[in-house]
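Scroll down for the structure; my scribbles are underneath it.
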Amino acid sequence: MVGEGQTGGCRCRLAEEGVYASVKNAGQTFDGNSLPLVPWAKHHLENGNLTDIIHPHLLKNDQTSLRNYLLLAFGCISEDQSHRPDANQIVSRLEEYMELQQELEKFNIVTLRGFCDVATYKMLVTENLCNAYLINYLGNNVLHILTWEERLKICIDVAYALSYLHDQNMIIHGNINCYNIVLDENWRAKITGFEKAVLLSENQEVALKIYGVMFQERYDMFYIPPDFEKTHKLNRYFDVYSFGIVMFEILCGRKANDSDYLDESLNGLAHVVRQRFMMGTLYDMVDPLLNDEICDNNFYLNKGPSKDSLDTFIKIAFRCIAETQDQRPTMKVVVKELENALSLQVMKVSESCNHPGVSGRTRAAL
């Protein structure tokens with residue numbers, strides 16, 4: 002038996018991720034079934050219904066973690082002794098599963114709770130984040146007016162998640178848009194919608210010859226980089242472009258396919274941004290709601306974007322939507338620039354709080 006000191010705390014994890022039947026007696030029957038534990042568990046594995054042997058209270062946890070635990074457990078009861086992991090391997094794998102789960106929660110990625118795969122009906126079940134999707138905060142009838150600082154933090158959260166996927170896992174999301182960014186109770190963002198994601202080896206590109214099949218939704222075309230239609234190559238710079246479009250949606254408070262943009266160009270937001278940049282009128286596209294942000298007690302305060310923060314944001318967003326991938330930054334660079342933009346904004350608000358012309362009551366509101 003592995004001692005408490007050798008497990009690194011994994012024994013508690015074992016108890017939490019335990020199967021529905023507790024092993025009190027190797028010959029005990031379970032759930033009214035005449036089979037003892039090991040044959041009973043193998044029966045469920047072979048029939049593809051492992052969830053039936055998991056304690057109901059644990060089904061709300063991450064399914065990947067539960068599946069990995071169960072597969073490890075089945076390895077332990079393998080009939081062939083040479084296929085069974087030793088104690089050190091068990092501890093090592095459990096710790097890897099714990100670290101992976103903690104990383105997914107840390108890096109702003111929606112947790113998968115389960116899935117449904119019955120005939121042609123397929124559905125993913127994810128954690129519920131109470132403030133819905135980013136799309137609900139773009140346009141005229143928004144659920145909540147996001148402050149500039151909230152918008153910056155949302156962008157940082159998404160950029161951080163993409164940087165993690167690209168640099169640590171070589172995963173290309175392939176479907177970043179305002180419909181796949183969800184907000185929690187604190188207005189922090191997580192990404193979802195991994196149906197089109199691909200796993201690459203280092204510096205690899207995937208040629209997608211099914212261009213029209215993979216991107217079927219009407220809004221998809223506004224997030225696809227212009228060079229992709231020629232190369233059909235999916236790589237990390239595909240995500241960078243899509244995220245750049247999202248950044249301008251957040252800045253302007255409108256969807257990429259807003260009717261006003263389509264009146265100017267059938268290519269939507271990206272083309273309009275490039276035109277306005279050439280004309281020197283890009284700043285006119287900034288969401289007017291950001292000009293005068295209002296605090297809860299209705300004191301009007303100049304809490305909108307500082308010029309330095311806004312300049313930093315626009316410059317990196319514009320680089321993201323460059324027409325060729327070699328002009329686009331990595332997500333690591335994007336994270337750094339967005340964090341700089343946030344720092345500049347926080348500095349501006351802090352200076353406003355300490356300004357002699359701001360009353361004590363107004364300062365408290367900040």
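Residue numbers (the working numbering): 2 to 367. Where a beta carbon is used, it is the ideal one built from N, C-alpha and C, also for glycine.
Which residues in the same chain have their Cβ closer than 6 Å to the Cβ of V135, if we skip the five residues on either side of it in sequence? Looking at the sequence shown, residue 135 is not Val but Leu. Cβ neighbours of L135 beyond the five flanking positions: C179 and I182.
Bridge partners of A190, per DSSP? The bridge partners DSSP lists for A190 are L184.
Can you give me the C-alpha to C-alpha distance between K154 and V92, rounded to a whole angstrom? The alpha-carbon separation between K154 and V92 amounts to approximately 37 Å.
Spatial neighbours of F278 within its chain, please: C-beta separation below 7 Å, excluding the five flanking residues on both sides. Counting only Cβ-Cβ distances below 7 Å, and skipping sequence neighbours, we find F319.
From I157 to W41, what distance separates their C-alpha atoms? Rounded to the nearest angstrom, the two C-alpha atoms are 48 Å apart.
According to DSSP, what are the bridge partners of K308? Beta bridge pairing from DSSP links K308 with no other residue.
Looking at the structure shown, is K349 part of a helix, part of a strand, or coil, going by DSSP? Taken through DSSP and simplified to helix, strand or coil, K349 comes out as helix.
Specify the secondary structure class of L200 as computed by DSSP and reduced to three states. The three-state secondary structure of L200, taken from DSSP, is strand.
Can you list, in chain order, the residues of its chain with a C-beta nearer than 8 Å to that of D285? Leave out the 5 residues immediately preceding and following it. Only R277 meet the Cβ criterion.
Going by other Cβ atoms of all chains shown within 10 Å of its Cβ, with 16 needed for buried, is K316 buried or exposed? A residue is called buried when at least 16 other Cβ atoms come within 10 angstroms of its Cβ; K316 does not meet this threshold and is exposed.
Would you mind sorting S307 into buried or exposed? The rule is 16 or more other CB atoms within 10 Å of its CB. With 16 or more Cβ atoms within 10 Å of its Cβ, S307 is classed as buried.
Outcome for T282 when other beta-carbon atoms lying within 10 angstroms are tallied against a minimum of 16: It counts as exposed.
Starting from the Cα of A271, find the closest Cα among M171, M332 and M248 and give me that residue. For A271, the nearest C-alpha among the options comes from M248.
What residues match up with Y134 in a beta bridge as DSSP calls it? Its beta-bridge partners are V183.
How about the segment 160-167 and the segment 221-232: do they share at least three Cβ pairs that are nearer than 8 Å? As far as the Cβ criterion goes, the segment 160-167 does not touch the segment 221-232, which means the pair count is below three.
Please classify I155: does DSSP put it in a helix, a strand, or coil? Looking at I155 - three-state DSSP - the assignment turns out to be helix.
How big is the Cα-Cα spacing for E324 and D228? Roughly 7 Å between the two C-alpha positions.
Taking the alpha carbon of L184 as the reference point, which residue from Y138, W149 and F239 has its own alpha carbon closest? Looking at the Cα atoms, Y138 is the closest of the given residues.
For M171, report the span of its alpha helix (DSSP H) as first-last. Premise fails: M171 is in no alpha helix (DSSP H) and is neither H nor E.
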